[in-house]
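Per the working numbering, the sequence shown starts with residue 598, numbered consecutively.
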Amino acid sequence: MRTKLVAGNWKMHGGLAANRELLDALKAASADWSGVESAVCVPFPYLHQVRELLRGTPIAWGAQNLSEHEAGAYTGEVSGAMLRDFECRYVIVGHSERRRLYGEQDAQVAAKFAAAQRAGLVPILCVGETLEEREQGATEAVVARQLDAVLDTAGVAALRNAVLAYEPVWAIGTGRTATPEQAQAVHRYLRERIAGRDAEIAQEVRILYGGSVKAGNAAQLFAMPDVDGGLIGGASLIAEEFAAICKAAKAE
Ligand code: 13P
Numbered sequence: 598m599r600t601k602l603v604a605g606n607w608k609m610h611g612g613l614a615a616n617r618e619l620l621d622a623l624k625a626a627s628a629d630w631s632g633v634e635s636a637v638c639v640p641f642p643y644l645h646q647v648r649e650l651l652r653g654t655p656i657a658w659g660a661q662n663l664s665e666h667e668a669g670a671y672t673g674e675v676s677g678a679m680l681r682d683f684e685c686r687y688v689i690v691g692h693s694e695r696r697r698l699y700g701e702q703d704a705q706v707a708a709k710f711a712a713a714q715r716a717g718l719v720p721i722l723c724v725g726e727t728l729e730e731r732e733q734g735a736t737e738a739v740v741a742r743q744l745d746a747v748l749d750t751a752g753v754a755a756l757r758n759a760v761l762a763y764e765p766v767w768a769i770g771t772g773r774t775a776t777p778e779q780a781q782a783v784h785r786y787l788r789e790r791i792a793g794r795d796a797e798i799a800q801e802v803r804i805l806y807g808g809s810v811k812a813g814n815a816a817q818l819f820a821m822p823d824v825d826g827g828l829i830g831g832a833s834l835i836a837e838e839f840a841a842i843c844k845a846a847k848a849e
C-alpha cells in the first residue's frame, strides 16, 4: 500500500509574512488529512523560517533544486548537505522549468538525483513531455528517456528512497489538466517500465501527478490506481486549496 503524498512547489513565490500566514493555516488544518503525507518545497531563503514553523508538525519541507556538486567554487549554487542542515526531507529534481529555462539535461538531472540521495534527501524526480512531443506520439519515449537516465546511473534500488512525478509540460500553469485517464496511462507506463528492472520496487514507488491540480479536480486524479498524490504549483500557495487537495488524497 503506497501512502499518498501531496507536495507543494511554491516555485519563486513567497515572502516572510505570506509564508507565515499560509503555513499557520495549513498547520491548523493538517489534522484533516492524517494518513496522507504532505510537504512544501520552498525557495532557499525561506528554509530557515519554514523549518521553524513546521518543525514538530506532520507537514514536511524541502527545496526545489540543488547542485550536483558537494562543495566548491560554484557561485550561486546550494548543496544537498546545506539543505539537510535545514532538515529538508525532499528536493525536487529535474522540474521541467529547470530543464527548459536553465538547460538542465538528463545527465545533469541524474547527477542531481544522486547528489540528493548522498545527502540523505528524498529526490522528487520530475518527468514529462511537451505538447509538441505528445502530439507527435512521443510521450512514452520522452518519459522513458528521462527516467532511464536516472535509473542507468543511480540503479533501480535508488527508487526506494525517491518519489517520481509525472508533470506534462502542457498542463503546468496552464489550467489545462491531464484527464485522470491520461495521467493514469503514463503513470502505469512508468510503473511497468520500472517493473522491467524490479517488480517489487515498481509497486512501492510513489508516482505523483503534477499540472494544474486544484481542489476541484484532485479527487478524480487521485482515484486512479497508479496516481499516488500530487505535485502542486499555483494551488499550493492558497491555504484552502492546498488543504482541500490534501483532504482529497485522504478520501481515495
Ligand atoms: P501548477 O500546479 O501551477 O500547474 O504547477 C505544477 C508544477 O509545476 C508543480 O511542480
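All C-beta atoms in this analysis are idealised placements derived from N, C-alpha and C, irrespective of residue type, glycine included.
Selection from the options that minimises the alpha carbon distance to residue i
{"i": "L722", "options": "A845, E701 and I689", "result": "I689"}
{"i": "A622", "options": "T654, E694 and Y643", "result": "T654"}
{"i": "R652", "options": "R686, G673, P642 and H666", "result": "R686"}
{"i": "F710", "options": "A754, T727 and A768", "result": "A754"}
{"i": "A762", "options": "G831, G717, A846 and Y806", "result": "Y806"}
{"i": "R788", "options": "Q714, A782 and A799", "result": "A799"}
{"i": "R785", "options": "L680, V637, A815 and V740", "result": "V740"}
{"i": "A836", "options": "V810, L619 and G611", "result": "L619"}
{"i": "E729", "options": "V810, A768 and Q743", "result": "A768"}
{"i": "Q714", "options": "G612, A746 and N758", "result": "N758"}
C-beta atoms of residue i and residue j nearer than 8 Å
{"i": "A707", "j": "A668", "result": "no"}
{"i": "P765", "j": "R731", "result": "yes"}
{"i": "L644", "j": "R617", "result": "no"}
{"i": "V824", "j": "A780", "result": "yes"}
{"i": "Q733", "j": "D703", "result": "no"}
{"i": "L748", "j": "R697", "result": "no"}
{"i": "T727", "j": "V783", "result": "no"}
Alpha helix (DSSP H) segment containing residue i, residue limits
{"i": "L651", "result": "L644 to L651"}
{"i": "I842", "result": "A836 to A848"}
{"i": "L728", "result": "L728 to E732"}
{"i": "A711", "result": "D703 to R715"}
{"i": "D745", "result": "T736 to A751"}
Spatial neighbours of residue i in its chain, beta-carbon cut-off 6 Å, leaving aside the 5 residues before and after
{"i": "V647", "result": "V639 and W658"}
{"i": "V593", "result": "Residue coverage of the chain in this structure runs from 598 to 849, which leaves residue 593 outside it and unanswerable."}
{"i": "T600", "result": "E634"}
{"i": "D629", "result": "K844"}
{"i": "A846", "result": "K601, V603, V633, F819 and G826"}
{"i": "A626", "result": "A840"}
{"i": "G772", "result": "S809"}
Residue i - containing beta strand (DSSP E), residue span
{"i": "L722", "result": "V719 to V724"}
{"i": "L761", "result": "V760 to Y763"}
{"i": "L828", "result": "G826 to I829"}
Same chain, Cβ closer than 8 Å to residue i, five either side skipped, listed in chain order
{"i": "N662", "result": "V675, V688, I689, V690, H692, R695 and K709"}
{"i": "A716", "result": "L663, S676, G677, A678, L680 and R681"}
{"i": "S631", "result": "P655 and K847"}
{"i": "A636", "result": "L602, V603, A604, G605, I656, A657, W658, G659, R686 and Y687"}
Chain-order list of residues whose beta-carbon lies under 7 Å from that of residue i (same chain, five-residue window excluded)
{"i": "F839", "result": "G605, L623, I829, A832 and S833"}
{"i": "E665", "result": "Q705, A708, K709 and A712"}
{"i": "C756", "result": "According to the sequence displayed, residue 756 carries Leu and not Cys. Taken in chain order, the residues that qualify are I791, I798 and V802."}
{"i": "F683", "result": "L644, H645 and R648"}
{"i": "F641", "result": "A660 and V675"}
{"i": "M609", "result": "P640"}
Interface flag, residue i vs chain B, CB-CB below 8 Å
{"i": "A816", "result": "Here chain B cannot be found, since the structure has a single protein chain."}
Query raised in the report: Whole beta strand (DSSP E) runs in the stretch 607-633 with 3 or more residues, listed along the chain?
Result: none
**Report entry** Sequence ranges, beta strand (DSSP E) only - wholly within the stretch 780-817, length at least 3
**Finding:** 803-807
Requested in this report: Quick one: which unbroken alpha helix (DSSP H) runs of 4-plus residues sit fully inside the stretch 656-697? Chain order, please.
Outcome: Taken in chain order, the whole alpha helix (DSSP H) runs of length 4 or more contained in the stretch 656-697 are 677-682.
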